[in-house]
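In full-length UniProt numbering, the protein residues as written are 1 to 444. In what follows, a single structure is set out as structure tokens and then discussed.
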């Protein structure tokens, strides 16, 4: 007996969207008044504002301030249906999506599954490192950081003490740079108050970048300024280095250098998060789906992809558009119009990416911004860029309550030099158990 997921049928064409990231969210919005039935499938019941996950990881904001339930976001959209499920595969012949709750039929399928962490086949790294691709990852990292210092209070031996207090971040993109800056500020302003028995002068933060510059893709001015900011904040930036191995305790670089840490944060790359059932010929390097200028997957008439999973290869973008929020949002908005045009037999409009620029924040009053305003380039570093970064991120968060809470957290942190979300809740990473390697302090 065929098991179909229970979804009311409206008699209108079904647009099934897999994934509620930036692209999927924008597509749902753009179809609000369209004569279609919009069905969003996601394994979580909320949208995550990923640019601020590093602040959850470093106790700057609470997890629930950067996530927002899909049903709340679209409570006034009458043609919207959500199903909490994991997609197992798609059947493009029968036009079915096989999920953990049953089959869902579609007229138009949109894959917006985003990207996942790329460990480049290193299973040991995957087992021992902490990634930053989900809210669970961010909470796990926060738990691990705080638990490490609790353990450090019980340790005498210098190397093992350093293994708990030192951090290695792999990847000099925005996530790596922002994490390094946030950890440095915690080391200076917060941790010494929480753990006065520990000497935080011995806490090292290493940022490893395989290339010769940070924030690849941004301007040379932004790259140099971010490096300067981090070095001034006491971060050890290692350029032109690659991590050869990490066993949970020792980091070995391709230069032969070694670092000791129980916490390695992997921010070195992502790969497309594909859905089973599509033709292998539709994929290109990096597990991304090759799409045309209408976001239609190569080889299919009614299957589309947008955001990080979609590679729209053009002369201007031979590798596809950057795997950032803005391309996904813009693609989602246009695809909604094009799906209506397709249904009504009207011409489709090609996608043209409007690059609005890139930003990264390094710490208090420190950020870099490469913006494009009114067809002109605008570059800023320092306090002004920091204000711009805060404003744009604040207005981009889903939900008025979340914006208000994040703004309150930021004001509190700025004026008190404090981060109030230092709670150990749930899972944490356990590498090289203490009992096997460490002689504990004598209890006072």
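All C-beta atoms, glycine included, are put in the ideal place defined by N, C-alpha and C. In this text, all values refer to a predicted model and were calculated from it rather than measured experimentally.
- Taking a cut-off of 8 Å on C-beta distances, the region 360-374 touches the region 208-223, as three or more cross pairs fall below it.
- Counting along the chain, the unbroken beta strand (DSSP E) around residue 47 starts and ends at 46-48.
- Three or more Cβ pairs closer than 8 Å define a contact, and the region 129-142 meets that threshold against the region 39-55.
- Residue range 174-189 is occupied by the alpha helix (DSSP H) that includes residue 177, with no beta strand (DSSP E) assigned at that position.
- Each residue's CA atom was taken as its position, placing residue 59 and residue 409 some 10 Å apart.
- Per DSSP, residue 258 is one residue of the beta strand (DSSP E) stretching across 258-260.
- Per the C-alpha coordinates, the member of 303, 312 and 269 positioned closest to residue 288 is 312.
- Shortest Cα-Cα distance from residue 308 to any of 231, 24 and 243 involves 24.
- For residue 86 against residue 65, the beta-carbon gap comes to about 26 Å, at or over 8 Å, which does not count as contact.
- With respect to the 9 Å criterion, residue 293 and residue 305 are not classified as neighbours on the basis of their beta carbons.
- Contact between the region 167-182 and the region 205-217 is present, with at least three C-beta pairs closer than 8 Å.
- In the three-state reduction of the DSSP assignment, residue 380 falls in the strand class.
- Going by DSSP, residue 265 is part of the beta strand (DSSP E) stretching over 264-266.
- For residue 319, there is no enclosing alpha helix (DSSP H), as DSSP gives it neither H nor E.
- For secondary structure counted as the beta strand (DSSP E) over 3 or more consecutive residues, the region 85-146 holds these complete runs in sequence order: 87-91, 96-99, 102-105, 108-111 and 115-117.
- In the structure shown, residue 156 falls within a coil segment according to DSSP collapsed to helix, strand and coil.
- When DSSP reads this structure, residue 69 sits in a beta bridge with 46.
- DSSP places residue 306 in the coil class of the three-state scheme, outside both helix and strand.
- Taken atom to atom, the span from the alpha-carbon of residue 72 to that of residue 157 is near 51 Å.
- Here residue 392 carries a helix assignment [DSSP, helix/strand/coil].
- In the three-state DSSP reduction, residue 28 falls in the helix class (H, G or I).
- Burial is judged here by how many other beta carbons sit within 10 angstroms of a residue's own beta carbon; residue 104 has at least 16 and is buried.
- With contacts defined as CB atoms closer than 9 Å, residue 139 and residue 16 fail to qualify as a contacting pair.
- For residue 74, the three-state secondary structure derived from DSSP is coil.
- Linking residue 389 to residue 362 through their CA atoms gives a straight-line distance of about 11 Å.
- In this structure, residue 155 keeps its C-beta atom at 9 Å or more from the C-beta atom of residue 303.
- Rounded to the nearest angstrom, the Cβ distance from residue 245 to residue 252 is 5 Å, consistent with a contact under 8 Å.
- Residue burial is scored here from C-beta neighbours: residue 35 has fewer than 16 other C-beta atoms within 10 angstroms and is therefore classed as exposed.
- In this structure, the alpha-carbon of residue 14 lies about 10 Å from that of residue 81.
- Under the three-pair Cβ rule at 8 Å, the region 274-282 does not count as touching the region 177-196.
- Counting other Cβ atoms within 10 Å of its Cβ, residue 258 stays below 16 and is therefore classed as exposed.
- Residue 70 and residue 19 have their C-alpha atoms some 11 Å from each other.
- Residue 357 is bridged by DSSP to 371.
- Separation of the CB atoms of residue 41 and residue 97 is rounded to 7 Å, and the pair is thereby assigned contact status at 8 Å.
- Membership of residue 288 in the beta strand (DSSP E) is indicated by the continuous run 288-290.
- Of all C-beta pairs linking the region 165-174 to the region 203-211, three or more are shorter than 8 Å, placing the two stretches in contact.
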